[in-house]
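Visitor: Chains as they are written, first to last, in our numbering: chain H, 1 to 134; chain Z, 1001 to 1134.
Just so you know, even glycine gets a beta-carbon here, dropped at the ideal spot from N, CA and C.
In this text the structure is predicted, and so the values were computed from the model without any measurement.
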DNA sequence: ATTTTAAATGCGACTGAGTTGCGTTTGTGA
DNA sequence: TCACAAACGCAACTCAGTCGCATTTAAAAT
Ligand SMILES: [Mn+2]
Ligand SMILES: [Mn+2]
Ligand SMILES: [Zn+2]
Ligand SMILES: [Zn+2]
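#1: Taking buried to mean at least 16 other C-beta atoms within 10 Å of its own C-beta, is residue 150(H) buried or exposed?
#2: Taking 8 Å as the limit between beta carbons, can you name the residues of its chain near residue 1020(Z), skipping five residues before and five after?
#3: Would you say residue 129(H) reaches chain Z, if we count a Cβ-Cβ gap shorter than 8 Å as a contact?
#4: Does any residue of chain H bring its CB to less than 8 Å from the CB of residue 1114(Z)?
#5: Taking only heavy atoms of ligand 2 into account, decide whether any of them is closer than 7 Å to the Cβ of residue 1098(Z).
#6: If residue 94(H) sits next to residue 126(H), beta carbons under 8 Å apart, how far is it from one beta carbon to the other, in whole angstroms?
#7: Give me the DSSP bridge partner(s) of residue 1102(Z).
#8: Give me, in chain order, the residues of the same chain whose beta-carbon lies closer than 8 Å to that of residue 114(H); leave out the 5 immediate sequence neighbours on both sides.
#9: Could you tell me if the beta carbon of residue 103(H) falls within a distance shorter than 7 Å of some heavy atom in ligand 4?
#10: What in chain Z is Cβ-close to residue 81(H), meaning under 8 Å?
#11: With a CB to CB cut of under 8 Å and the five nearest residues on each side skipped, what residues in its chain are close to residue 32(H)?
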């Protein structure tokens, strides 16, 4: 039962178990792709407060329950799992048709050589294409 | 003289040679890194109109005089040159210290294998690290 | 040089994302 | 059950970017 794992996740991060947080957690646990603020709002209903939702997204991110993704659409998206879980700089796939964003757990990026004097720390990759649902 | 090349660029794209456009072109010709709206505004002075500036950025992009870059900071940045000039999906380097964004003309060889059913079209890479000035 | 006209500008209003301060409510542990 | 920090709800705000519309202007035609 998801309920239990959600409960655990909050508890072990020292986050209070509030109604919104449980619902928010459910959103992520029941979705395989990344969610934007509007996506989440739609799932949770109009009632949710914007500030509170954003603050919780920040809290979840801080606690490594979710990670934030910028798909160059201008709006941030969030997906379940700490970044490190899927590999340090795992790639993200953006479907050109449906705009859905997926975490590419095992896709690998290799061989970047930057000019002299530049030091690479992390590499973020965004793959655009057509997803398996389209 | 930059003036001439700028003049040419506008002319050959069917864009009228206005004061703002010449100044804007100068910004890009005299800078080796990507510029955000605030960056440009600062260079051009407070007088420039927001809408007009954005419209011209869009026009320049359309005309392949500049290309737009999303560095996951939330604000778009622009750099001289059509995308194709530096290679279809050339990488961008974001300095973690000074936040400067550079086009990495020759940097990438990327090898991505996506799950079954996903079809890759383009790959955008953002490298974070420390630039040669920092 | 003057007229013409479409393109470009300037301004104001607007949307949407995200943030912050503050007073009230609520989860949790003592 | 009580106390208190954490979380919430709300309003106000910033910042990026867009749009409609009336005015101006670059450039081509006369
Ligand atoms: Mn991911
Ligand atoms: Mn570039
Ligand atoms: Zn799709
Ligand atoms: Zn730097």
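Guide: Put simply:
#1: A query on residue 150(H) cannot be resolved here, the shown segment of chain H reaching from 1 to 134 and no further.
#2: Position 20 of the second chain holds residue 1020(Z). Excluding five sequence positions before and after residue 1020(Z), the CB atoms of its chain that fall closer than 8 Å to its own CB belong to 1044, 1048, 1052, 1053, 1056, given in chain order.
#3: Residue 129(H) sits at position 129 when you count from the first residue of the first chain. With a threshold of 8 Å between beta carbons, residue 129(H) makes contact with chain Z.
#4: Within the second chain, numbered from 1, the residue matching residue 1114(Z) stands at position 114. Chain H, which has a Cβ nearer than 8 Å to the Cβ of residue 1114(Z), makes this yes.
#5: Locating residue 1098(Z) in the second chain gives position 98, counting from the first residue. For ligand 2, not one heavy atom lies less than 7 Å from the Cβ of residue 1098(Z).
#6: Position 94 of the first chain, counted from the start, is the residue given in the question as residue 94(H). Position 126 of the first chain, counted from the start, is the residue given in the question as residue 126(H). Residue 94(H) to residue 126(H), Cβ: 6 Å. Contact.
#7: By 1-based counting over the second chain, the position of residue 1102(Z) is 102. DSSP lists 1093(Z) as partners of residue 1102(Z).
#8: Taking the first residue of the first chain as position 1, residue 114(H) is located at position 114. These residues qualify, in order along the chain: 120.
#9: Counting from one through the first chain, the residue named residue 103(H) turns up at place 103. False, no ligand heavy atom lies under 7 Å from that Cβ.
#10: In the first chain, the residue the question calls residue 81(H) occupies position 81. Below the 8 Å Cβ cutoff, chain Z contributes no neighbours of residue 81(H), its closest Cβ being approximately 16 Å away.
#11: For the purposes of this step, residue 32(H) is taken as residue 32 along the first chain, with counting starting at 1. Excluding residues within five positions, the ones whose Cβ falls inside 8 Å are 102.
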